[in-house]
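Take the sequence shown: its letters are residues -22 to -1, 1 to 338, numbered as in mature numbering (1 follows the signal peptide of the UniProt record, and there is no 0).
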Amino acid sequence: MKAAFGGWCLALLAPIWPPVLAQDGGNNVTLCQANDSFNSTSASTPYEFNNNVWGEGALDNGSQCLSVFDEGASWSVTYQFTGNPELVKSFPRMKVHPSRLPVLFWNISALDFKADWSIYVQGTENSSPEEQAQAYDETYVRQNAAIDVFLSDDAWNSTQVGPPIEIMIWFWRTPTIVPLGYFESTPAVDTVEVDGMDFSLYHGWNAQGQHVFSWLSESNMTSTDADYSPLLRYIWQKGLLSGALWLGQLEFGFEVMHAGEQTVSQVKPGYNLHLIRDGDSDDRPKSTAIVQSATSTRAASTAPSPTVTSPSEPAATTSSSAGRLAPAGMASNRWFDATCLAALLSGAVLFLISILHIDS
């Protein structure tokens, strides 16, 4: 079985075959299997949490558990991975419930993100930033903290496994990793300021053939409270992607490649990741000043062609940002749907049999 079905399939299967997880008798949940997930029912935390250990063979060289506290009021993930440090092992994450997704790229009015997080090698949580950085080096921690979104020219495909286009916003990273296209892009002329922080744009293709755009903060951040839609708007306003694409998935998490000892990434209470569309009841006038003031003198010879349907041939790279899951074409996604329907039918039959057995 693949790491994930379509969103509709998971929603329907959940009551029949709930994920394997540990609950402490209260509102805390721990997810330790590769694709364990938990949907928060709290109105203040409308997210799906997934352990998301998607790297091939990752659990052969380590372990990871994601803990959700008080129905999602806060969450943390503890992991240790060795093996090839160039390969992504996991992207434990929170995913926004799809009540406002998919949405046309150019109809995004705001992308509000408020969060306070910390990343530390176990035992150094109270150490100074310098001591924590030394611990990253000594245990060879390779990871980032990032928002992740996926797009396609097909609304349905944008919500499924492996859409052809990915945009990441890197807020934090160990200095041992860089975004795709770091050495080929022109960040000096593609920089946008958000809430006093400069973000530079890089782009390239991952091993799964996805075209990945990555915004990298000028310095590491461990907290934020800002609207990051100018970073998305810049990409379509400058013609790097079509504004008519559909954005179908919105996540925040920690992309992990290596951690020689137990390492913890945690998100503290009070976080929020919220997308607002043009015309929504909470829509507000958007400022284009940031995008208009951003410098962009990219030469035609280095500018990527606007991506509409599918990415160009993937470029060779060893950058950290591989896709979360292997891309799936329409036929592959339909195969998953057929499998899901069969699972639903068999589950329903078993459910009816159990009812009849009880009645008899």
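The beta-carbon is built from N, C-alpha and C at its ideal position, and this holds for glycine as well.
**Report entry** Reduced DSSP category for PHE161 - H, G, I as helix; E, B as strand; rest coil
**Finding:** coil
### Task
Give a yes or no on whether the C-beta atoms belonging to VAL141 and GLY61 are separated by under 8 Å.
Here residue 141 is Pro; the residue named in the question, Val, does not match the sequence. No, the pair does not count as a contact, with Cβ atoms beyond the cut-off.
TODO: Using three-state DSSP, classify residue 339 as helix, strand or coil.
DONE: The displayed coordinates of the chain run from -22 to 338. Any statement about residue 339 would go beyond what the structure contains.
Exercise. Where DSSP assigns a beta bridge to TYR180, which residues make up the other side?
Worked result: SER192
**Prompt:** Start and end of the alpha helix (DSSP H) containing residue 339?
**Reply:** No information on residue 339 is available, as it lies outside the stretch -22 to 338 that the chain covers here.
Can you list, in chain order, the residues of its chain with a C-beta nearer than 8 Å to that of LEU37? Leave out the 5 residues immediately preceding and following it. ALA12, VAL31
| task | Would you please state the rounded distance, in angstroms, between the beta carbons of ASP94 and THR200? I believe it to be under 8 Å. | result | ASP94 to THR200, Cβ: 7 Å. Contact.
task = Measure the C-alpha to C-alpha separation of GLN110 and VAL99 and round it to an integer number of angstroms.
result = 7 Å
Report task. Answer yes if the segment 100 to 120 comes into contact with the segment 233 to 242, meaning at least three C-beta pairs across the two stretches below 8 Å, and no otherwise. Result -> Touching, yes.
Following the continuous beta strand (DSSP E) through THR241, name the residue where it begins and the one where it ends. 224 to 245
Next on the checklist: One question on the structure: do SER52 and PRO208 come within less than 8 Å of each other, judged by their Cβ atoms?
Outcome noted: no
Inset, instruction - Return yes when the Cβ of PHE27 is within less than 8 Å of the Cβ of GLN121, no when it is not. - result: For the pair GLN121 and PHE27, the CB atoms are not nearer than the 8 Å cut-off.
Please classify TRP84: does DSSP put it in a helix, a strand, or coil? helix
Closest Cα partner of HIS75 within the set SER20, LEU179, SER96:
SER20
Practice task
Starting from residue 378, follow the beta strand (DSSP E) in both directions and report where the run begins and ends.
Solution key: Residue 378 lies beyond the stretch modelled for the chain, which goes from -22 to 338, so this question has no answer here.
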